[in-house]
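The structure appears right after this line, and notes come after that.
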Amino acid sequence: MATLTGKVALVTGASRGIGRATALALSKAGAAVYLAADGTREELSAAAAECRAHNAFARAEFGMFDLADAADVQRMVDAALAIFGRVDILVNNAGIRIRHPFGDYAAAEFDQLVAVNVRAPFLASQAVVPSMRANGGGRIITVASQNGIVAAANSALYGLSKAALIYLTKAMALELAKDKIMVNAVSPGPIETEFTRARMEREPGHREARQARVPLGRWGRPEEVAQAILFLASTEATFVHGSNLVIDGGYVIH
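Residue numbers (our numbering): 1 to 254.
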């Protein structure tokens with residue numbers, strides 16, 4: 001079983017869905033966790049309390065940040081360092097999705113989505129590297145998507161951003177290996193979260209249509225993605241570097 005006792009993890013987008021499940025999994029494994037998101041204080045507080053409830057010996061703190069603001073990304077990392085003194089594990093999970101036909105995207109939407117989905121992980125990763133170097137290494141794990149691998153209608157911007165994260169993972173892995181900073185990505189497929197459930201309610205038949213593309217015949221759960229991230233964050237994954245782990249029930253194989 002993976003153990004992260006003595007490690008500090010910073011998880012973005014941690015108030016719900018995959019981010020919240022990841023923060024909980026890392027906390028259960030013994031890590032102190034800093035939960036960051038732009039959600040409500042109530043959501044973040046509840047997520048941090050859940051982490052503490054499952055591991056009384058591991059601290060869990062939280063902060064609210066606008067990751068579309070480059071200065072706020074730095075403030076987020078600074079806040080985690082001020083509380084814990086180090087960051088050993090960064091999970092770049094926060095992201096947004098704007099769905100339109102390709103020709104209908106506005107320039108402002110492009111800027112907003114790229115700021116949150118690409119620039120924020122880039123800057124957060126830059127900001128944690130000095131701490132990781134000083135402490136002999138670390139882990140950077142970024143949540144990409146199957147949409148960074150296969151195209152989908154009305155998702156040109158989202159897919160572009162996730163493909164960029166897969167490339168960024170490889171580029172960082174190449175440059176940071178000498179510092180013993182291991183860098184990987186995960187690419188979830190259809191995962192049932194608050195966000196996807198809302199779309200199911202808006203679009204009758206969406207659940208069934210996506211599920212029909214999955215060889216395993218079901219949607220995934222946030223906890224299943226979180227367990228993959230836990231593996232990559234742990235000493236169980238000491239030779240996994242520059243990889244993109246697809247967690248989609250087989251969606252992209254056909």
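C-beta: ideal position from N, C-alpha, C; glycine also.
As the structure is a prediction and not an experimental result, all values here were calculated from the model.
Give a yes or no on contact between the stretch 159–173 and the stretch 190–199, applying the rule of three or more CB pairs nearer than 8 Å.
Output reads no: the stretch 190–199 does not touch the stretch 159–173.
In the DSSP assignment, what residue or residues form a beta bridge with Asn33?
The sequence as given places Val at residue 33; Asn does not occur at that position. The partner list for Val33 (beta bridge, DSSP) reads Ala9, Ala60.
Exposed or buried, which one is Pro215 when buried takes at least 16 other CB atoms within 10 Å?
exposed
Alpha helix (DSSP H) runs wholly inside the stretch 138–203, at least 4 long, in chain order:
156–176, 194–202
Proximity of Ser187 and Val246 at Cβ, strictly below 9 Å
Pairing Ser187 with Val246 gives a Cβ-Cβ distance under 9 Å.
Please state whether DSSP places Gly136 in a helix, a strand or coil.
coil
Around the Cβ of Phe62, are there at least 16 other Cβ atoms within 10 angstroms (buried) or fewer (exposed)?
buried
Measuring alpha carbon to alpha carbon, tell me which residue in Val150, Leu123, Ala151, Arg41 is nearest Ile140.
Leu123
Residues near Pro101 in its chain [Cβ-Cβ closer than 7 Å; skip 5 each side]:
Asn154
I need the DSSP call for Asn55, collapsed to helix, strand or coil.
Three-state DSSP puts Asn55 in coil, outside helix and strand.
Coarse secondary structure for Ile96, derived from DSSP in three states:
In the three-state DSSP reduction, Ile96 falls in the coil class, being neither helix nor strand.
Could you tell me how far apart the beta carbons of Gly148 and Ile181 are, in whole angstroms, since I believe they sit closer than 8 Å?
Going by Cβ atoms, the distance from Gly148 to Ile181 rounds to 22 Å, so no, they are not a contact pair.
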